[in-house]
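Protein chains in written order, with my numbering: chain A, 12 to 248; chain B, 135 to 261.
Take a look at the structure set out below.
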């Protein structure tokens with residue numbers, strides 16, 4: 012048997028209450044019996060019950076949706092592997108970058124020292140001079156092997172960035188995330204303002220920054236073009 | 135204005151290796167009186183203590199940048215006429231224009247070579 016619709020139940024309850032109220036017309040408090048009061052209470056209870064039935068099912072459906080959504084989110088966040096990224100991959104990438112800095116510093120130090128030794132080498136004894144030059148040239152070549160190591164380390168860092176990018180992209184698609192305006196911390200705001208005030212952009216990509224263009228072209232475009240050394244020279248006449 | 139190879143030069147950069155490179159290049163060009171500083175604050179203090187014939191400065195340093203150093207130098211009556219060359223990786227047009235407006239005498243973008251450094255020094259001293 013199908014249940015009566017909620018609207019019909021409400022109508023029935025209101026009609027029942029209306030009947031009882033009609034019976035009360037003209038009666039004083041002394042005329043009312045206990046049965047009258049119970050009949051009214053029953054009608055009101057039915058009415059309230061219908062109301063709460065409606066309320067319960069609506070809220071239940073909402074909570075069920077929210078619960079399902081949270082469960083899905085948990086699954087997606089799990090797939091994101093945040094702990095693996097936070098505790099493993101990002102620190103590892105940081106170590107790789109530190110190692111790159113150390114390796115390049117050490118290589119630069121070796122190369123600079125060899126170059127300085129050759130600059131200051133005593134030329135009075137040609138055999139000794141040649142031996143010193145050869146020795147330093149070999150050391151410089153050996154030091155250049157840092158490029159192979161840093162290349163491999165950089166590949167690992169790029170791999171980590173690709174992993175994170177891939178996971179975030181999947182997560183973003185799964186939850187239908189939209190880009191919002193990021194709230195910068197006070198420190199980030201200060202740093203952003205400092206970079207703006209002091210015109211700090213850092214090194215430019217070579218394909219963007221250093222092209223050999225004429226000063227006429229640069230100023231014909233009202234200075235919007237990236238400068239190269241020739242452009243800059245022209246500014247100083 | 136002829137170049138005096140005995141003039142003291144102040145090299146300002148927060149990377150010791152870059153200071154070492156510029157110092158060696160200057161040495162090759164015949165300049166042996168080279169001091170150095172790691173940022174604008176230290177450089178300005180040194181420039182107030184010793185009369186330098188030339189300041190060669192990086193841009194991006196902390197706490198005081200080369201751009202701020204340039205403005206400080208140009209705003210100080212005692213040292214305002216010191217020739218100033220910016221050597222930097224900041225290669226945006228607005229950087230060059232801002233430095234020019236602030237009174238820089240020349241501008242070199244990194245990476246650079248000895249010939250570029252020499253030509254800019256020659257240009258600053260009109261040779």
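Glycine included, each C-beta is placed from N, C-alpha and C at the ideal position.
Treat the numbers as computed from the prediction; the structure is a model and nothing was measured.
Whether residue i touches residue j by CB criterion (9 Å)
i                      : j                      : result
residue 242 of chain B : residue 221 of chain B : yes
residue 161 of chain A : residue 111 of chain A : yes
residue 33 of chain A  : residue 186 of chain A : no
residue 169 of chain B : residue 143 of chain B : yes
residue 236 of chain B : residue 205 of chain B : yes
residue 181 of chain B : residue 189 of chain B : yes
residue 143 of chain A : residue 154 of chain A : no
residue 181 of chain A : residue 91 of chain A  : yes
residue 219 of chain B : residue 239 of chain B : yes
residue 146 of chain B : residue 195 of chain B : yes
residue 24 of chain A  : residue 58 of chain A  : yes
residue 257 of chain B : residue 247 of chain A : yes
residue 213 of chain A : residue 223 of chain B : yes
residue 21 of chain A  : residue 61 of chain A  : yes
residue 171 of chain A : residue 101 of chain A : yes
residue 226 of chain B : residue 210 of chain A : yes
residue 188 of chain A : residue 195 of chain A : no
residue 201 of chain A : residue 96 of chain A  : no
residue 160 of chain B : residue 166 of chain B : yes
The beta strand (DSSP E) enclosing residue i, as first and last residue numbers
i                      : result
residue 218 of chain B : 218 to 222
residue 160 of chain A : Run containing residue 160 of chain A: none in the beta strand (DSSP E); it sits in the alpha helix (DSSP H), 157 to 186.
residue 240 of chain B : 240 to 243
residue 191 of chain B : 188 to 191
residue 171 of chain B : 168 to 171
Same chain, Cβ closer than 6 Å to residue i, neighbours up to 5 away in sequence not counted
i                      : result
residue 201 of chain B : 193
residue 120 of chain A : none
residue 18 of chain A  : none
residue 147 of chain A : 125, 128, 129
residue 173 of chain A : none
residue 260 of chain A : Outside the shown range of chain A, which is 12 to 248, sits residue 260 of chain A, and nothing can be said about it.
residue 118 of chain A : 154, 157
residue 104 of chain A : 168, 171
residue 252 of chain B : 163
Residue range of the alpha helix (DSSP H) that includes residue i
i                      : result
residue 117 of chain A : 101 to 130
residue 232 of chain B : 227 to 236
residue 251 of chain B : 248 to 258
residue 204 of chain B : 200 to 208
residue 143 of chain B : Looking at the DSSP string, residue 143 of chain B is not in any alpha helix (DSSP H); the run it does join, the beta strand (DSSP E), is 143 to 146.
residue 152 of chain B : 150 to 162
residue 190 of chain A : Element bounds for residue 190 of chain A: n/a, residue is neither H nor E.
residue 37 of chain A  : Note, residue 37 of chain A: premise wrong, no alpha helix (DSSP H); not H, not E.
residue 203 of chain A : 197 to 208
residue 274 of chain A : Examination of residue 274 of chain A is not possible in this model, given that chain A is present from 12 through 248 alone.
residue 182 of chain B : 174 to 183
Inter-residue CB distance, residue i and residue j (contact presumed, cutoff 8 Å)
i                      : j                      : result
residue 140 of chain B : residue 186 of chain B : Not a contact, Cβ separation roughly 12 Å.
residue 175 of chain B : residue 198 of chain B : 4 Å
residue 122 of chain A : residue 151 of chain A : 5 Å
residue 43 of chain A  : residue 35 of chain A  : 7 Å
residue 54 of chain A  : residue 28 of chain A  : 4 Å
Within chain A, the residues that residue i reaches when beta carbons sit closer than 7 Å
i                      : result
residue 154 of chain B : 123
residue 223 of chain B : 213, 214
residue 205 of chain B : The premise fails here: residue 205 of chain B is roughly 10 Å from chain A at the closest Cβ pair, so nothing lies under 7 Å.
Neighbouring residues, chain B, relative to residue i (Cβ below 8 Å)
i                      : result
residue 251 of chain A : This structure gives no information on residue 251 of chain A, because the portion of chain A shown stretches from 12 to 248.
residue 240 of chain A : 242, 243, 246, 250
residue 119 of chain A : 151
residue 130 of chain A : 158, 161, 162
Within chain B, partners of residue i - CB distance below 9 Å
i                      : result
residue 127 of chain A : 154, 158
residue 209 of chain A : 193, 194, 199, 201, 202
residue 247 of chain A : 234, 238, 239, 240, 241, 254, 257, 258
residue 158 of chain A : Correct list: empty, because the minimum Cβ distance to chain B is about 16 Å.
Proximity test, residue i beta-carbon vs the ligand PLP heavy atom, cut-off 8 Å
i                      : result
residue 179 of chain B : The ligand PLP is absent from the structure shown, which contains no ligands of any kind.
Partner residues on chain A for residue i, Cβ-Cβ distance less than 9 Å
i                      : result
residue 191 of chain B : The contacting residues do not exist; residue 191 of chain B stays about 13 Å from chain A at best.
residue 216 of chain B : Ordered by position in chain A, no residue passes the 9 Å Cβ test against residue 216 of chain B, which lies about 16 Å from the chain.
residue 185 of chain B : Simply none; closest approach about 24 Å.
Beta-carbon contacts of residue i that lie in its chain and below 7 Å, excluding the five residues immediately before and after
i                      : result
residue 165 of chain A : 111
residue 50 of chain A  : 31
residue 250 of chain B : 242
residue 208 of chain B : 214, 236, 237
Chain-order list of residues whose beta-carbon lies under 8 Å from that of residue i (same chain, five-residue window excluded)
i                      : result
residue 134 of chain B : The structure shown does not extend to residue 134 of chain B, since chain B is modelled only from 135 through 261, so no value can be given for it.
residue 234 of chain A : Because the pLDDT of residue 234 of chain A is 44, which lies under 50, any placement of that residue in the model is unreliable, and the question is left without a value.
residue 157 of chain B : 145, 168, 170
residue 246 of chain B : 221
Chain-ordered neighbours of residue i on chain B, where CB pairs are closer than 7 Å
i                      : result
residue 243 of chain A : 230, 241, 243
Proximal residues of chain A, C-beta to C-beta of residue i below 8 Å
i                      : result
residue 180 of chain B : Per Cβ cutoff of 8 Å: no residues; residue 180 of chain B is ~21 Å from chain A at best.
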